[in-house]
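A quick write-up on the structure given underneath.
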Amino acid sequence: MDARLNYRTSPIAGKVLKHFMAMGKAFKELPVPASTRELVALRVSQINGCAVCVDMHVKDAAAAGETAPRLNLVAVWREATVFTEAERAALALAEQGTRVADAAGGVSDEVWANAARHYDEEQLTALVIMVSFMNSVNRLNVITRQPAGDYVPGQFH
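Given below as structure tokens:
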């Protein structure tokens, strides 16, 4: 599969995407556990069908010590017993924050309150920014059909 656009050779992409890359790098400093950050990024990417981001976040999570059973169960996290209550709250927030068009009200009060039980205001801010960022990056990649499979852990950060 060939990408519709080559972001690496485009002058416009070079100007804009360097800011996306810097933002992605900054996520490592957010006050949310690294495993939760990767699980959220993976789930948002799965929902959006972003193969290159799924590839990246599975590999980065595995390189950081995440287990295969947990990575394999992210897509069905509601029925899986391997996630903490805090991770489940973050995954629910990520799903509703991604599927805003499917849920007329966006993120429900119940999902927000559950997330707020597990994360303080700074962590919630970080999660909201991460979900929004991942949705944006997913769209950049899905629209242009960026191929997956060649990512090396840590390649962009």
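Numbering (my numbering), first residue to last: 40 to 196.
Ideal Cβ placement from N, Cα and C applies to all residues, glycine included.
What you are looking at is a predicted structure, and each value in this text was computed from that prediction instead of being measured.
Pairwise C-alpha distance: residue j and residue i
{"i": "ALA103", "j": "ALA73", "result": "8 angstroms"}
{"i": "TYR158", "j": "SER147", "result": "16 angstroms"}
{"i": "VAL150", "j": "GLU161", "result": "17 angstroms"}
{"i": "MET40", "j": "ASP99", "result": "23 angstroms"}
{"i": "VAL220", "j": "ILE168", "result": "It is not possible to answer for residue 220, since the shown part of the chain is limited to 40 through 196."}
{"i": "ASN111", "j": "GLU77", "result": "13 angstroms"}
{"i": "GLY145", "j": "TRP116", "result": "20 angstroms"}
Assigned secondary structure, residue i (DSSP; H/G/I helix, E/B strand, else coil)
{"i": "ASN87", "result": "helix"}
{"i": "MET40", "result": "coil"}
{"i": "VAL191", "result": "coil"}
{"i": "PRO70", "result": "coil"}
Nonlocal neighbours in the same chain, by C-beta distance under 8 angstroms from residue i, ignoring five residues either side
{"i": "VAL170", "result": "VAL79, VAL83, LEU132, ALA133, GLY136 and THR137"}
{"i": "ALA155", "result": "LEU163"}
{"i": "VAL91", "result": "ASN180, GLN185, PRO186, ALA187 and TYR190"}
Residue environment, residue i, which counts as buried when at least 16 other CB atoms sit within 10 Å
{"i": "GLU105", "result": "buried"}
{"i": "ARG43", "result": "exposed"}
{"i": "MET60", "result": "exposed"}
{"i": "GLU124", "result": "exposed"}
{"i": "PHE66", "result": "buried"}
Close-in-space but distant-in-sequence residues of the same chain around residue i (CB under 7 angstroms, 5 per side omitted)
{"i": "ASN153", "result": "ALA128 and ALA131"}
| request: Would you check if there are 3 or more beta carbon pairs closer than 8 angstroms linking the region 166 to 183 to the region 69 to 87? | output: By the C-beta criterion, the region 166 to 183 is judged to be in contact with the region 69 to 87, since at least 3 inter-stretch pairs fall below 8 angstroms.
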